[in-house]
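*Asks:* The following block contains the structure, expressed as structure tokens.
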Amino acid sequence: MKKKAQHPQHVDVLPRLRRIAGQVQGIERMVTHQAYCIDIMTQIQAVRGALRAVELRILEKHLAHCVTAAFKAKSTTAADCKMTELLRVMKKQF
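Residues in the sequence shown are numbered consecutively from 1093, following my numbering.
This is the structure we're talking about:
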């Protein structure tokens, strides 16, 4: 992981991440206790949705802070780098 100067804070997503961790532990208990498959899958979908919400929040901050700063610096190299990083991460989702 690269260290960046003046990086935005993400502490506001910590409660969500802790809640997600609790949901994952709940899924583990469901599997251990042989819960109904559909119930387990429903909880897995809920976790994925919660993770997507956290991801979108961090993406919003990245666009508002990191990408915007690169464009405001009027550095083609910095802007290209930010766009390349973003595209690389987004492509991993497919």
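C-beta atoms are modelled at their ideal positions from N, C-alpha and C, and glycine is treated no differently.
This structure is a prediction, so every number in the text was calculated from the model and none was measured.
Does DSSP put His-1125 in a helix, in a strand, or in coil?
*Replies:* By one-based count along the sequence shown, residue 1125 stands at place 33. Three-state DSSP puts His-1125 in coil, outside helix and strand.
*Asks:* With respect to the alpha helix (DSSP H) encompassing Phe-1163, which residues constitute its N-terminal and C-terminal limits?
*Replies:* Position 71 of the sequence shown, counted from the start, is the residue given in the question as residue 1163. That run of the alpha helix (DSSP H) goes 1160-1164.
*Asks:* What first and last residue would you give for the alpha helix (DSSP H) that runs through Asp-1172?
*Replies:* Within the sequence shown, the letter at position 80 stands for residue 1172. 1168-1183 is the extent of the alpha helix (DSSP H) around Asp-1172.
*Asks:* If we ignore side chains and look at the alpha-carbon of each, how far apart do Ile-1119 and Arg-1108 end up?
*Replies:* Here residue 1119 refers to the residue found at position 27 when the sequence shown is read from its first residue. Here residue 1108 refers to the residue found at position 16 when the sequence shown is read from its first residue. Taking the straight line joining both Cα atoms gives about 17 Å.
*Asks:* For His-1154, which of helix, strand or coil comes out of DSSP?
*Replies:* As a first step, residue 1154 is located in the sequence shown; it is residue number 62 there, counting from the start. In this structure, His-1154 counts as helix in the three-state DSSP scheme.
*Asks:* Could you give the DSSP three-state label for Pro-1100: helix, strand or coil?
*Replies:* Counting from one through the sequence shown, the residue named residue 1100 turns up at place 8. If DSSP states are grouped into helix, strand and coil, Pro-1100 belongs with coil.
*Asks:* Could you give the distance in angstroms between the alpha-carbon of Met-1122 and the alpha-carbon of Ile-1132?
*Replies:* Position 30 of the sequence shown, counted from the first residue, corresponds to residue 1122. Position 40 of the sequence shown, counted from the first residue, corresponds to residue 1132. Distance between the alpha carbons of Met-1122 and Ile-1132 is about 7 Å.
*Asks:* Measure the Cβ-Cβ separation of Cys-1158 and Lys-1184 and say whether it is below 8 Å.
*Replies:* Counting from 1 along the sequence shown, the entry for residue 1158 is found at position 66. Counting from 1 along the sequence shown, the entry for residue 1184 is found at position 92. For Cys-1158 and Lys-1184, no; Cβs fall outside 8 Å.
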